[in-house]
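Q: There's a structure below that I have some questions on.
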Amino acid sequence: MIDRSTFWIVVPLLAIGTYLIRFSFLGTLGNRPLPAWLTRALKFTAVAILAALVAPGVLWPAATGGQTDPARLVAAVVTLATGIATRSTMGAIAAGAAALYGMLWLMS
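Going by UniProt numbering, the letters in the sequence shown line up with residues 1 to 108, in that order.
Shown next as structure tokens:
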């Protein structure tokens with residue numbers, strides 16, 4: 001367990017660091033339009049974050065002791081297909097969640 005005084009020193013330092021990291025981007029570019037190449041790249045941020053969050057849970061799920069699970073693979077494929085077909089991040093998340101719960105229910 002971390003010492004209480006160490007904790008209360010680290011928390012504000014992390015808060016200041018986080019603020020400075022965000023301000024370094026927003027403060028320098030806040031009033032100027034972003035370049036076209038950066039705007040194009042930022043459109044893929046949500047998809048990249050979704051893939052980074054989901055991939056470990058699909059390939060090495062802790063719920064199954066690290067073994068690949070067919071229900072999670074099916075949900076990942078449904079999510080990918082829905083995302084490609086509808087171009088909607090929220091639609092893909094909803095379809096993937098429904099597929100996962102449906103597959104877990106069918107397999108139980």
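Beta carbons: idealized from backbone N, C-alpha and C, even for Gly. As the structure is a prediction and not an experimental result, all values here were calculated from the model.
Buried or exposed: residue 58, going by 16 or more other Cβ atoms within 10 Å of its Cβ?
A: Start at 1 with the first residue of the sequence shown, and residue 58 comes out as number 58. Classification of residue 58: buried, given that the 10 Å Cβ count is 16 or more.
Q: Is residue 104 closer than 8 Å to residue 71 when the C-beta atoms are compared?
A: Position 71 of the sequence shown, counting from 1, holds the residue named residue 71. Position 104 of the sequence shown, counting from 1, holds the residue named residue 104. Against a cut-off of 8 Å, the Cβ pair of residue 104 and residue 71 comes out as a contact.
Q: Quick check: what's the CA-CA separation for residue 16 versus residue 9?
A: For this step, residue 16 is matched to residue 16 along the sequence shown. For this step, residue 9 is matched to residue 9 along the sequence shown. Taking the straight line from one Cα to the other gives about 11 Å.
Q: Given a threshold of 16 other Cβ atoms within 10 Å of its Cβ, counted over all protein chains shown, does residue 111 qualify as buried or as exposed?
A: The question about residue 111 has no answer, for the chain in this structure spans 1 to 108.
Q: Please confirm whether residue 75 and residue 82 have their CB atoms less than 8 Å apart.
A: Indexing the sequence shown from 1 puts residue 75 at position 75. Indexing the sequence shown from 1 puts residue 82 at position 82. No, the pair does not count as a contact, with Cβ atoms beyond the cut-off.
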